[in-house]
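> For the sequence shown, the working numbering assigns the number 739 to the last residue and increments by one with no breaks.
To start, I am sharing the structure in question, which I have written as structure tokens.
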Amino acid sequence: MRTATVYCLCVLTVCGCFARAQEVTVTADVVLVNSAKKSKARAAGNVVLWLTPDENAQVSTLPARQDSNRLTLVQRNKSFEPHVLVVPVGAAVEFPNRDPFFHNVFSLFEGKRFDLGLYEAGSTRKVVFDKPGISYIFCNIHSEMSAVVIAVSTPFYGSSDRRGRVAIPQVPPGRYTLRIWYEQVLPEELNNLTREVKISQDAPSLGTLRLAISNMPQGHQNMYGRDYPPPVPDNPSYERH
499 MRTATVYCLC VLTVCGCFAR AQEVTVTADV VLVNSAKKSK ARAAGNVVLW LTPDENAQVS
559 TLPARQDSNR LTLVQRNKSF EPHVLVVPVG AAVEFPNRDP FFHNVFSLFE GKRFDLGLYE
619 AGSTRKVVFD KPGISYIFCN IHSEMSAVVI AVSTPFYGSS DRRGRVAIPQ VPPGRYTLRI
679 WYEQVLPEEL NNLTREVKIS QDAPSLGTLR LAISNMPQGH QNMYGRDYPP PVPDNPSYER
739 H
């Protein structure tokens with residue numbers, strides 16, 4: 499009986515190692531093109547790619563990827579850091595205020611809707627992104643602040659670096675739906691880029707993805723649907739001493 503148990507454990511260990519050995523790092527290169535200006539293609543950072551397993555694939559039952567670092571959107575120098583953050587559905591994102599004055603973070607558009615209210619320097623608020631979607635995030639006090647949180651219901655996702663390079667680790671071979679998001683590409687164009695792909699050890703690359711950028715409208719209103727008042731110096735009474 500002991501021999502049989504040891505044998506089973508060995509088989510499971512070998513199978514587990516073999517399954518992990520089959521996983522690949524999916525790569526892609528992203529370039530932007532502007533046909534209106536007829537300029538050369540250039541690399542793009544902050545392009546988000548995610549792979550959703552085929553409904554019949556076993557990989558669809560895998561748990562969401564757990565990132566080792568805490569998920570944060572830091573408010574510093576009247577900006578959010580990072581500007582784009584990708585998270586698995588159900589993840590909690592912290593919004594620490596590292597400026598010496600108040601902020602009021604909100605999102606009332608797509609994705610997760612919330613209003614964190616007015617909170618002071620040195621404090622933190624938290625939001626759970628409990629459904630897939632794209633959340634455009636602003637500050638109700640400072641119009642220049644903006645960020646994007648993309649919640650995806652798959653563990654297979656990645657963002658491009660400044661060279662336009664994307665790497666999605668630990669992807670089991672199989673069929674997936676590829677989706678792409680970039681801030682300067684119209685939603686209908688992004689929908690057209692959605693397609694089925696097959697990932698294998700022999701074909702781990704998605705090649706070069708060309709995105710046609712558009713002149714997107716600039717600016718936004720506050721959470722009351724009104725224009726922001728003219729900027730004034732931040733109240734010195736909010737500063738930390």
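Glycine included, each C-beta is placed from N, C-alpha and C at the ideal position.
Tell me the DSSP bridge mates of Gly656?
Answer is Leu547, bridged to Gly656.
> Would you give the residue range spanned by the beta strand (DSSP E) that Glu694 belongs to?
That run of the beta strand (DSSP E) goes Arg693 to Ile697.
> If you draw a straight line from the alpha carbon of Leu704 to that of Glu618, how long is it in whole angstroms?
When rounded, the distance between both Cα atoms is 45 angstroms.
> Would Val590 be called buried (16 or more neighbouring beta carbons within 10 Å of its own) or exposed?
The residue you asked about is not Val; residue 590 is Ala in the sequence shown. Its Cβ having fewer than 16 others within 10 Å, Ala590 is exposed.
> For Ser658, which residues of its own chain have a beta-carbon under 7 angstroms away from its beta-carbon, when the five flanking residues on both sides are left out?
For Ser658, where only same-chain residues beyond five positions count, the Cβ hits under 7 angstroms are Val528, Ala542, Gly543, Asn544, Val545 and Val664.
> Could you give the first and the last residue of the continuous beta strand (DSSP E) run that contains Gly588?
From DSSP, Gly588 is part of no beta strand (DSSP E); its letter is neither H nor E.
> Please look up how many angstroms separate the CB atoms of Leu547 and Gly672, rounded, as I've assumed it's under 8 angstroms.
With a Cβ gap of about 16 angstroms, Leu547 and Gly672 do not count as contacting.
> I believe Phe612 touches Phe600 by the beta-carbon criterion, under 8 angstroms. Please report the beta-carbon distance rounded to the nearest angstrom.
Actually they do not touch by this definition, with Cβ atoms about 17 angstroms apart.
> Contact check, Pro670 vs Gln520 under 8 angstroms by CB: the rounded distance?
Confirmed, Cβ separation roughly 6 angstroms.
> Restricting to runs no shorter than 3 residues, where is the beta strand (DSSP E) found entirely within the region 598-630?
Correct list: 601-605, 612-617 and 622-627.
> In whole angstroms, what is the alpha-carbon distance linking Ile635 and Tyr674?
The straight-line gap from Cα to Cα measures roughly 29 angstroms.
> What does the alpha-carbon distance come out to for the pair Ile632 and Arg540?
Whole-angstrom Cα-Cα distance: 25 angstroms.
> Evaluate contact between the region 682-694 and the region 573-586, counting only Cβ atoms and requiring at least three cross-stretch pairs below 8 angstroms.
In short, these stretches do not touch, since the Cβ pair count stays below three.
> Reducing DSSP to helix, strand and coil, say where Leu688 ends up.
Correct three-state label for Leu688: helix.
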